[in-house]
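Visitor: First residue of the sequence shown? That's 15 in my numbering, and the numbers climb one at a time after it.
Just so you know, even glycine gets a beta-carbon here, dropped at the ideal spot from N, CA and C.
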Amino acid sequence: MRGLVVVGAGGFARETVAAVRAVNDLRPSWQLLGFLDDDPALHGTERVGLPVLGGLDRMAEWGDTAAVVCVGNPRDHTVRQRVVRRLGLPADRYATIVHPGAHIGSACTIGPGSVLLAGVVLTAEVTVGAHVAVMPHAVLTHDGRVGDHATIASGVRLGGGVVLAPGAYLGAGALVREGVTIGEGSLVGMGAVVLRDVPPGEVWVGNPARRLRGTVPPSSPAGPAPGTGSTQAESIGAGPTGAARGNGTRRAAALGPAPVARGAAPKTVGS
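1) With a threshold of 16 other CB atoms inside 10 Å of the CB of Glu289, please say whether the residue is buried or exposed.
2) In whole angstroms, what is the alpha-carbon distance linking Val142 and Gly205?
3) In terms of residues, what are the limits of the alpha helix (DSSP H) holding Ala223?
4) May I ask you to report which of helix, strand or coil DSSP gives Arg96?
5) Taking the alpha carbon of Ala164 as the point to measure from, which residue in Trp218, Leu184, Met15 has its own alpha carbon closest?
6) When the Cβ atoms of the region 90-107 are set against those of the region 126-146, are three or more pairs found closer than 8 angstroms?
7) Just the Cα atoms here: how many angstroms apart are Thr110 and Gly125?
8) Helix, strand or coil: how does DSSP classify Gly17 here?
9) Take Leu18 as the anchor and find which of Leu64, Leu40, Phe26, Glu60 has the nearest alpha-carbon.
10) Which residues share a DSSP beta bridge with Val217?
11) Return the Cβ separation of Ala186 and Ser168 in integer angstroms, given the expectation that the two are a contact with Cβ distance under 8 angstroms.
12) Please return the same chain residues whose Cβ sits closer than 6 angstroms to the Cβ of Ala159, not counting the five positions on each side in sequence.
13) Note the first and the last residue of the continuous beta strand (DSSP E) segment covering Gly48.
14) Candidates Asp51, Val194, Cys84, Glu60: which alpha carbon is nearest Leu70's?
15) Use the C-beta contact count for Leu136: other C-beta atoms within 10 angstroms, 16 or more gives buried, fewer gives exposed.
16) His113 and Ala36 - do their beta-carbons sit closer together than 8 angstroms?
17) Which value, in whole angstroms, describes the spacing of the CA atoms of Val288 and Arg61?
18) Alpha carbon to alpha carbon, what distance is there between Met149 and Ile166?
19) Among residues of its own chain, excluding the 5 on either side of Asp219, which ones have a beta-carbon nearer than 6 angstroms to its beta-carbon?
20) What whole-angstrom Cβ distance do Ala33 and Phe49 have, given they're in contact under 8 angstroms?
21) By a C-beta neighbour count over all protein chains shown, 10 Å radius and 16 as the cutoff for buried, is Ala55 buried or exposed?
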């Protein structure tokens, strides 16, 4: 089994650990080593039975160990991109984690460093980029495209052909009409009903969704990524193969060092 370090120690990081353990229950794929987090108050403690090993800079100590970046929240939904940039690891160092309770349809692809939790559905020819977080029971329908570093919270529903640009964030329970584009770095509030395109770098809320204010797109300059323990950060992961591929109507197992369980061979997509 390949070693795996979870970057971040907040809520989504712990959810990702649960997904990894569910994968290992079906087929041992990952050796969970622990968490990395920049909050010194967490160093030397344990979370869900795993040690917090130290700050993010310690990742350099593990040569071939895989990482999954589990940071990000609505108050700073661009932090995941900054952490990935700071780590500077090649795509094959990131683990793609797909909970065995997710359903991945035919010809769907999932990029390196992405995490799909239990109950997620990808129907047909959905493309998910690198370092994307998809929370429980989100549904992405045919021909959807999700850019790198995006976040899809629990219960989101995307109509066919929806485009979620890099770094965008969809709050819990948001509904997006077919063919709509959510611009880069934009945030859609929880429960919003989006009927038209959302420009880059904006916050939209309500039913029907309307612009509330501007936000900061992920391409804007940013300083070092903060630690995650004190900010309830959320988590992400990626597989040593660099990507996952759909397995028809069967449940997705994991994209681990071995071939995908009960599915087709992984299809690599660029990050």
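Guide: Taking the geometry as given:
1) The requested residue 289 does not occur in the structure, where the chain is confined to residues 15 to 285.
2) 22 angstroms
3) No alpha helix (DSSP H) holds Ala223; DSSP gives it neither H nor E.
4) helix
5) Leu184
6) yes
7) 7 angstroms
8) strand
9) Leu64
10) Leu201, Arg227
11) 5 angstroms
12) Reading the sequence as shown, one finds Arg at residue 159 and not Ala. Excluding sequence neighbours, Arg159 sits near Thr141, Val177.
13) 44-50
14) Asp51
15) buried
16) yes
17) Past the edges of the chain, shown from 15 to 285, lies residue 288, and the structure says nothing about it.
18) 6 angstroms
19) This sequence places Val at residue 219; Asp is not what is there. The residues are Gly203, Ala206, Leu226.
20) Contact flag wrong, Cβ pair sits at about 15 angstroms.
21) exposed
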